[in-house]
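J.:
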Amino acid sequence: MKIGMVCYPTFGGSGVVATELGKALALKGHQVHFITYSQPFRLGHFTENLFYHEVSVSDYPLFEYQPYESALASKMVDVVKYEKLDVLHVHYAIPHASAALMAKNILASEGIHIPYITTLHGTDITLVGRDPAFLPVICHSLENSDAITSVSESLKQDTLSIFKLKKEISVIPNFVDISEYTASANKCSRHHYAPKGEKIMIHVSNFRKVKRVEDVLQVFNKVRQQIPCKLILVGDGPERANIDRLCRELNTCGDIISVGKIADPKEVLSIADLFILPSETESFGLAALEAMATKIPVLSTNTGGLPELNINGVTGFMSGVGAIDDMTEHALYILSDEKRLKTFKEAAYQRAQKFDISVILKQYEHLYKQVLK
Ligand code: GMT
């Protein structure tokens, strides 16, 4: 099959899912064409079946806002026509679904039929999508998608309650390639980050408000008062300055290692003991799954799709949003007993296997075949 993959190339779960899916499809012999404004950060080196088509928008002085959606739709038309694509798969509804619909209509007027699948990732529905500034356009482009997928049952329900869609939504959860995680183990030195044998907590995100990174610091501050512990922060984003300020206020900076944006966090994850994701909402929590694939238990909130991934008391714990004391108690419970920590690590890893690429890839391939019928 020839698949056009449209996504955000920047750090963020939807781009990671699209890129990893594209890479896996290419390995299976499909031809995958990425269409976006810069090379997706996880794409790495090219294999024979992977292609990248850059969308560029001319910087005309009249444009206060660049018309990216039009440029994207035009590029989709071009790539579908000249690369003879079979299907377009767009990740993150805004503005990818409406650009795909526009491309589909243009191509239909030339006698070319191209189906498009929209995969919903979370904030495209729960935060941005419900904004009246976008709602009618998203609703129309979703309803006209040849198929819609959502990364969790929770996001499906949120979408149905916001948009009143008639179109069916298939749930296809996020995935990891487990074999790649086991291969990365021990490549990074634990001793370098925790020279006195301290426990290591870790948080990975794009530091947006919705991630509540300040809660990570509050929990860590309480935990380290009870047991020797270090915190590794991976990522960067709008909340970074606030986090730096809070770390000085709490006097925790000496025990926190901020490594910034890392294209692939597998190696640094492999030295950690506990992952913390206290998000306000999380449609799936891919970062938590990546941690679990590295044998790290997860402390998360119980919102959105997280209960579909994290099993309370087994693969980690879940708490209410902002429940700092509860999260602290759970962190201490897991980290204070070596045998218990090992049990949680093993359970997290077992759970991650249910989301292995070998299980999920088939579901996407099946969907592609269905829309091509
Ligand atoms: O977390 C973000 O804001 C990034 C966003 C994205 O689109 O890149 O992540 C969303 O999609 C991920 C991949 O499907 C999910 O694992 C995240 O849970 C989801 N984020 C939220 O719902 C906040």
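FYI, the numbering for the sequence shown is -17 to 355, going by the working numbering.
Using N, Cα and C, we set each Cβ at its ideal position, and we do this for glycine too.
Predicted, not measured: the structure shown is a model, and the values here were computed from it.
Identify whether Ile278 lies in helix, strand or coil by the three-state DSSP scheme.
T.: As a first step, residue 278 must be located in the sequence shown, where it is residue number 296. Ile278 falls in the coil class under three-state DSSP.
J.: Taking Ala115 as the reference, which of Phe33, Pro77, Ile339 and Ile94 has the closest Cα?
T.: Within the sequence shown, numbered from 1, the residue matching residue 115 stands at position 133. For Ala115, the nearest C-alpha among the options comes from Pro77.
J.: Thinking C-beta only, is Leu137 closer than 9 Å to Phe266?
T.: Taking the sequence shown and counting its residues from 1, the one referred to as residue 266 is at position 284. Taking the sequence shown and counting its residues from 1, the one referred to as residue 137 is at position 155. Yes, Cβ-Cβ distance for Phe266 and Leu137 is below 9 Å.
J.: Using DSSP bridges, identify the partner residues of Cys211.
T.: Stepping through the sequence shown from its first residue, residue 211 is reached at position 229. Lys181.
J.: Could you give the distance in angstroms between the alpha-carbon of Pro49 and the alpha-carbon of Gln335?
T.: As a position in the sequence shown, residue 49 is number 67, starting the count at 1. As a position in the sequence shown, residue 335 is number 353, starting the count at 1. So the two alpha carbons sit approximately 42 Å from each other.
J.: Taking Glu262 as the reference, which of Asp197, Lys193, His312 and Arg322 has the closest Cα?
T.: Residue numbering aside, residue 262 sits at position 280 when the sequence shown is read from its first letter. The candidate whose alpha carbon is nearest that of Glu262 is Lys193.
J.: If I'm right that Asp197 touches Pro260 with Cβ under 8 Å, what's the distance once you round it to whole angstroms?
T.: Within the sequence shown, numbered from 1, the residue matching residue 197 stands at position 215. Within the sequence shown, numbered from 1, the residue matching residue 260 stands at position 278. Yes, Asp197 and Pro260 are in contact; Cβ-Cβ is about 4 Å, under 8 Å.
J.: Ignoring anything shorter than 3 residues, give me the beta strand (DSSP E) runs that lie fully in the region 209 to 247, in order along the chain.
T.: List check, beta strand (DSSP E) in window: 211 to 216 and 238 to 242.
J.: If you scan the region 126 to 151 from start to end, which runs of the alpha helix (DSSP H) of 4 or more residues do you find wholly inside it?
T.: For the region 126 to 151, whole alpha helix (DSSP H) runs of length 4 or above, ordered along the chain, are 135 to 145.
J.: What separation, rounded to the nearest whole angstrom, lies between the Cα atoms of Ile293 and Leu117?
T.: The sequence position of residue 293 within the sequence shown is 311, counting from 1. The sequence position of residue 117 within the sequence shown is 135, counting from 1. Distance between the alpha carbons of Ile293 and Leu117 is about 34 Å.
J.: When the distance is taken between beta carbons, is Gly304 closer than 9 Å to Ile316?
T.: Within the sequence shown, the letter at position 334 stands for residue 316. Within the sequence shown, the letter at position 322 stands for residue 304. Their beta carbons are not under 9 Å apart, which means Ile316 does not touch Gly304 by this criterion.
J.: Among Phe23, Pro279, Lys63 and Glu30, which one has its Cα closest to the Cα of Ile244?
T.: Walking along the sequence shown from the start, residue 244 turns up at place 262. Closest by alpha carbon: Phe23.
J.: Is Val39 helix, strand or coil by DSSP?
T.: The residue labelled residue 39 in the question sits at position 57 within the sequence shown. If DSSP states are grouped into helix, strand and coil, Val39 belongs with coil.
J.: My guess is that Asp128 and Ile99 are in contact by the Cβ rule of under 8 Å, so how many angstroms apart are they, rounded?
T.: One-based indexing of the sequence shown puts residue 128 at position 146. One-based indexing of the sequence shown puts residue 99 at position 117. 6 Å between Cβ atoms; contact.
J.: If you scan the region -15 to 32 from start to end, which runs of the beta strand (DSSP E) of 3 or more residues do you find wholly inside it?
T.: Listed in chain order, they are 13 to 18.
J.: For Ser134 and Leu354, what's the separation of their Cα atoms in angstroms?
T.: As a position in the sequence shown, residue 134 is number 152, starting the count at 1. As a position in the sequence shown, residue 354 is number 372, starting the count at 1. In a straight line, the C-alpha of Ser134 is about 24 Å away from that of Leu354.
J.: Write down the C-beta distance between Thr141 and Thr101 rounded to the nearest angstrom, noting that I regard them as a contact closer than 8 Å.
T.: Position 159 of the sequence shown, counting from 1, holds the residue named residue 141. Position 119 of the sequence shown, counting from 1, holds the residue named residue 101. That pair is no contact at about 11 Å.
J.: Report, in whole angstroms, the separation of the C-beta atoms of Cys(-11) and His73, which I expect to be a contact under 8 Å.
T.: Within the sequence shown, residue -11 is the residue found at index 7, counting from 1. Within the sequence shown, residue 73 is the residue found at index 91, counting from 1. 4 Å between Cβ atoms; contact.
J.: When you compare only the Cα positions, how much space is there between Ala367 and Val280?
T.: What the structure shows of the chain is the stretch from -17 to 355, and residue 367 is not part of that stretch, so it cannot be assessed.
J.: Is it right to say Val59 is buried, meaning 16 or more other beta carbons lie within 10 angstroms of its own, or is it exposed?
T.: Numbered from 1 along the sequence shown, position 77 holds the residue referred to as residue 59. The residue in question, Val59, is buried, as its Cβ has 16 or more Cβ neighbours within 10 Å.
J.: Between which two residues does the alpha helix (DSSP H) containing Thr105 stretch?
T.: Numbered from 1 along the sequence shown, position 123 holds the residue referred to as residue 105. Start and end: Thr105 to Thr108.
J.: Do Val205 and Ala313 have their CB atoms nearer than 9 Å?
T.: Taking the sequence shown and counting its residues from 1, the one referred to as residue 205 is at position 223. Taking the sequence shown and counting its residues from 1, the one referred to as residue 313 is at position 331. In contact: Val205 and Ala313 (Cβ atoms closer than 9 Å).
J.: Give the straight-line distance between the Cα atoms of Val(-1) and Phe157, rounded to the nearest whole angstrom.
T.: What you label residue -1 is simply residue 17 of the sequence shown in a count that begins at 1. What you label residue 157 is simply residue 175 of the sequence shown in a count that begins at 1. Between Val(-1) and Phe157, the C-alpha separation is close to 8 Å.
J.: Write down the C-beta distance between Ile339 and Ala6 rounded to the nearest angstrom, noting that I regard them as a contact closer than 8 Å.
T.: Counted from its first residue, the sequence shown places residue 339 at position 357. Counted from its first residue, the sequence shown places residue 6 at position 24. 5 Å between Cβ atoms; contact.
J.: Please say whether Ile258 and Met300 have beta carbons closer to each other than 9 Å?
T.: The residue labelled residue 300 in the question sits at position 318 within the sequence shown. The residue labelled residue 258 in the question sits at position 276 within the sequence shown. Not a contact, by the Cβ cut-off of 9 Å.
J.: Excluding five sequence neighbours on each side, which residues of the same chain lie with their C-beta closer than 8 Å to the C-beta of Ile306?
T.: Locating residue 306 in the sequence shown gives position 324, counting from the first residue. Hits under 8 Å: Asp197, Gln200, Val201 and Lys204.
J.: Given the structure, does Glu264 come close to the ligand GMT, in the sense that its CB is under 8 Å from one of the ligand's heavy atoms?
T.: One-based indexing of the sequence shown puts residue 264 at position 282. Yes, the Cβ of Glu264 comes within 8 Å of a heavy atom of the ligand GMT.
J.: If you follow the beta strand (DSSP E) that Ser261 is in, where does it begin and where does it stop?
T.: The residue given as residue 261 occupies position 279 in the sequence shown. Looking at the DSSP string, Ser261 is not in any beta strand (DSSP E), and its letter there is neither H nor E.
J.: Following a CB-centred definition, is Gly298 positioned closer than 8 Å to any heavy atom of the ligand GMT?
T.: Reading the sequence shown from its first residue, position 316 is the one you call residue 298. Gly298: no, Cβ never under 8 Å from the ligand GMT.
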